[in-house]
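**Q**
Protein chains: 2
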Amino acid sequence: MTREDIADWFRDLQDDICQNLEQGDGVGKFHQDLWERTEGGGGRTRIIQGAHIEKGGVNFSAVHGPLPEKIRNALKLDSGAFFATGVSIVLHPKNPWVPIIHMNVRYFEMSDGKWWFGGGIDLTPHYVNEDEARHFHGVLKTVCDQHHASYYPEFKQWADDYFYVKHRKETRGIGGIFFDRLSAQDGFTKEQRFAFVQSVGKAFAPIYLRFLEDNKNRAYEPQHKKWQLLRRGRYVEFNLVWDKGTKFGLDTDGRIESILMSLPPEVNWDYNVQVADGSSEAHTLSLLKKGINWA
Amino acid sequence: MTREDIADWFRDLQDDICQNLEQGDGVGKFHQDLWERTEGGGGRTRIIQGAHIEKGGVNFSAVHGPLPEKIRNALKLDSGAFFATGVSIVLHPKNPWVPIIHMNVRYFEMSDGKWWFGGGIDLTPHYVNEDEARHFHGVLKTVCDQHHASYYPEFKQWADDYFYVKHRKETRGIGGIFFDRLSAQDGFTKEQRFAFVQSVGKAFAPIYLRFLEDNKNRAYEPQHKKWQLLRRGRYVEFNLVWDKGTKFGLDTDGRIESILMSLPPEVNWDYNVQVADGSSEAHTLSLLKKGINWA
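Sequence order for the protein chains is X and G.
Converting from the first sequence to the working numbering requires adding 163 to each position, the first position being numbered 1.
Converting from the second sequence to the working numbering requires adding 163 to each position, the first position being numbered 1.
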């Protein structure tokens, strides 16, 4: 299994997910921008602005070249050439009852032979629907359990810790799974690690299409839309202040429009928003914390 | 001149600016929140949502206590007790022809006797009006020149460097002045440094009221409003990714709603926005760079 095999699989995954999302949206089509990186490699950025997916990005990239110093320091690596490939997705739905979703699957290798996989999926409902939260974590647990019993508990906690808006003391959403530096530790083979990442990638479209299908035509009031715009503000705060992937891209002169496709199309910030006791907004806030056992 | 004298002057400045802005807006009134800091001190956060100032914050604070470790490291100080006081302002106007403005004036001292002033004013027009840009820098130059001939050139360049959205390779707006650690260097007295900071503070209201008065009733089209919402996105990107004051506040458990009052009420992010050659949007972008001699 070469790095090209892995990149090819990710490229096909992008195709497959885009096709599924176009079907789910029913109207929107992905617009593609091909880009190249001066130092080596490039990507396919695909953006949809549809009837139900208000703004969504499904990006593939495969880049290589001398390891930038900032990455070398951040990842504590020796100098050398690197190769990195992956698929990154963020979808902002129009309907506030449909959750925001994010997925990333990636592979990294160094010229000295080091390699690892990373990634994750997390869900950010504007209003937490507990049945959907349980379903989401249930699917992720099933995917993880097929590969190793330690995966779900470990990667679920990792997501709780990673997708945390520290200055708001709340999680970004209901979490999911997050993992990084999955290599040959504990006797895993590269094939086994890749098989797991493939399962995560393949789980994405069915998970999201279900949430989209169940909620995309559900009626909502202006106050629900308003709450969605405010929650999108928290999404921006997480991505610009805390998300390591975003910081990394901005620090290392990545393609800005591909990195920031994750930002929502329309966002509000009001001063000192308060929610009424017993409201569905208050209920949602009460569930934006670490350590909830959804699965 | 004690630190309480300085805090009192800043408190009065907040009162004076709020009164002026209420008159300029004609409708909106400031809402005040008093807050206290567990370790010592507190502040008065004042927010206006008016007819012409869509969202504005004018904050005063005076805080003290043991120096938090993060600040000690960032400012390269010895441990001890600190005192900090200042006024911070960000105004987001409704009309896209009115610029966004920011001002900060502040005083810091340590228990070992170290003290300094810092601050600045910078202007972020959604559309750069060159007459207004020249007027703005002209006023700042006059204010600076009354105190020292080196101030304007030095602090203007500092603002160009500071208010820079590095990942977009553009300045936040047309700059202004920025200064920090103004202490007893070069024979300045504390009274002289404070007198300069007072002049900056007093310059704020007349500067902004003129821009507000001249433009608040000017007609605009939906595409101008759209551009304003997109430019506000860049403002958010600067504040959350690059602004040291914001990072500091978030890192050190400051009062979040007071820190993030700087974020605009309504913001858009579109994918890969392109402007037409020769358009006023393109003209504005061409002026968002360092080193323009406006004064």
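Just so you know, even glycine gets a beta-carbon here, dropped at the ideal spot from N, CA and C.
I think leucine 393 of chain G touches asparagine 431 of chain G, with their Cβ atoms under 8 Å apart; what is that distance to the nearest whole Å?
**A** 5 Å
**Q** Just the chain G side, please: which residues come within less than 7 Å of valine 404 of chain X by C-beta, in chain order?
**A** Leu403, Leu413
**Q** Measure from the alpha carbon of phenylalanine 367 of chain X to the alpha carbon of each residue in X:Phe173, X:Thr165, X:Lys329, then state which is nearest.
**A** X:Phe173
**Q** Could you list which residues in chain G have their beta carbon closer than 8 Å to that of asparagine 431 of chain X, in chain order?
**A** Pro428, Glu429, Val430
**Q** Measure the C-alpha to C-alpha separation of aspartate 440 of chain X and glycine 396 of chain G and round it to an integer number of angstroms.
**A** Across the structure, aspartate 440 of chain X and glycine 396 of chain G are spaced so that their CA atoms are roughly 32 Å apart.
**Q** Who are the near neighbours of tryptophan 198 of chain G in its chain, counting only those whose CB is closer than 6 Å to its CB and skipping five residues on each side?
**A** Gly205, Gly206, Arg418
**Q** Closer than 8 Å, CB to CB, is histidine 330 of chain X near chain G or not?
**A** yes
**Q** Kindly list, in the order they appear in chain X, the residues whose Cβ is closer than 7 Å to that of isoleucine 210 of chain G.
**A** Tyr434
**Q** Are leucine 176 of chain X and valine 253 of chain X close, meaning C-beta to C-beta below 8 Å?
**A** no
**Q** By DSSP, does isoleucine 455 of chain X sit in helix, in strand, or in coil?
**A** coil
**Q** Please return the same chain residues whose Cβ sits closer than 7 Å to the Cβ of serine 274 of chain X, not counting the five positions on each side in sequence.
**A** Gly243, Ala244
**Q** Can you name the start and end residues of the alpha helix (DSSP H) that threonine 447 of chain G belongs to?
**A** 443-449
**Q** Does the CB of glutamate 444 of chain G have a neighbour CB from chain X at under 8 Å?
**A** By this cut-off, glutamate 444 of chain G is not an interface position.
**Q** Closer than 9 Å between beta carbons: that is the criterion. Which residues of the region 173-198 of chain X meet it against chain G?
**A** His194, Asp196
**Q** If we define contact as Cβ-Cβ less than 8 Å, is leucine 423 of chain G a contact residue for chain X?
**A** Cβ-Cβ to chain X under 8 Å: yes for leucine 423 of chain G.
**Q** With a cut-off of 8 Å, does the C-beta of isoleucine 419 of chain X fall near any C-beta of chain G?
**A** yes
**Q** Residues in the same chain with beta-carbon distance under 8 Å from valine 399 of chain G, minus the five sequence neighbours each way, listed in chain order, please.
**A** Leu426, Pro427, Val430
**Q** Name the one or two DSSP bridge partners that aspartate 285 of chain G has.
**A** G:His265, G:Gly339
**Q** For isoleucine 264 of chain X, which option in X:Gly454, X:Arg373, X:Ala458 has the closest C-alpha, if you only look at C-alpha atoms?
**A** X:Arg373
**Q** Rank X:Ala312, X:Asp349, X:Arg297 by C-alpha distance to the C-alpha of isoleucine 370 of chain X and give the top, closest one.
**A** X:Arg297
**Q** Going by DSSP, which residues form a beta bridge with lysine 218 of chain X?
**A** Per DSSP, X:His255.
**Q** Run through the DSSP bridge pairs and tell me what tyrosine 315 of chain G is partnered with.
**A** Answer by DSSP bridge pairing: none, since tyrosine 315 of chain G is not bridged.
**Q** For glycine 350 of chain G, does the count of other Cβ atoms within 10 angstroms reach 16, so buried, or fall short, so exposed?
**A** exposed
**Q** Run the proximity test for glutamine 212 of chain X: is its beta-carbon closer than 7 Å to any non-hydrogen atom belonging to the ligand MG?
**A** By its list of ligands, the structure shown contains no ligand whatsoever, and the ligand MG lies outside what it can speak to.
**Q** With a Cβ-Cβ cutoff of 8 Å, do proline 231 of chain X and threonine 415 of chain X count as a contact?
**A** yes
**Q** Show which residues of chain X have a CB atom less than 7 Å away from the CB atom of glutamate 400 of chain G.
**A** Leu403
**Q** Is the region 220-234 of chain X touching the region 371-391 of chain X in the sense that three or more CB pairs, one from each, lie closer than 8 Å?
**A** no
**Q** According to the neighbour-count rule (16 or more other Cβ atoms, all chains shown, within 10 Å of its Cβ), is threonine 409 of chain X buried or exposed?
**A** buried
**Q** Any contact between the region 335-348 of chain G and the region 299-313 of chain G? By contact I mean 3 or more CB pairs, one from each, below 8 Å.
**A** yes
**Q** Can you name the residues that DSSP bridges to serine 274 of chain G?
**A** For serine 274 of chain G, which the question treats as bridged, DSSP gives no partner whatsoever.
**Q** Could you pull out every residue in the same chain whose Cβ sits closer than 6 Å to the Cβ of tyrosine 270 of chain G, ignoring the five residues on either side in sequence?
**A** For tyrosine 270 of chain G, where only same-chain residues beyond five positions count, the Cβ hits under 6 Å are Ile169, Thr248, Phe280.
**Q** If you follow the alpha helix (DSSP H) that leucine 375 of chain G is in, where does it begin and where does it stop?
**A** Leucine 375 of chain G -> alpha helix (DSSP H) spans 353-378.
**Q** When the Cα atoms are used, what is the spatial distance from glutamine 361 of chain X to aspartate 171 of chain X?
**A** 12 Å
**Q** Nearest to glycine 220 of chain X by CA position, among X:Leu448, X:Leu423, X:Asp343, is which residue?
**A** X:Leu423
**Q** Helix, strand or coil: how does DSSP classify glycine 243 of chain G here?
**A** coil
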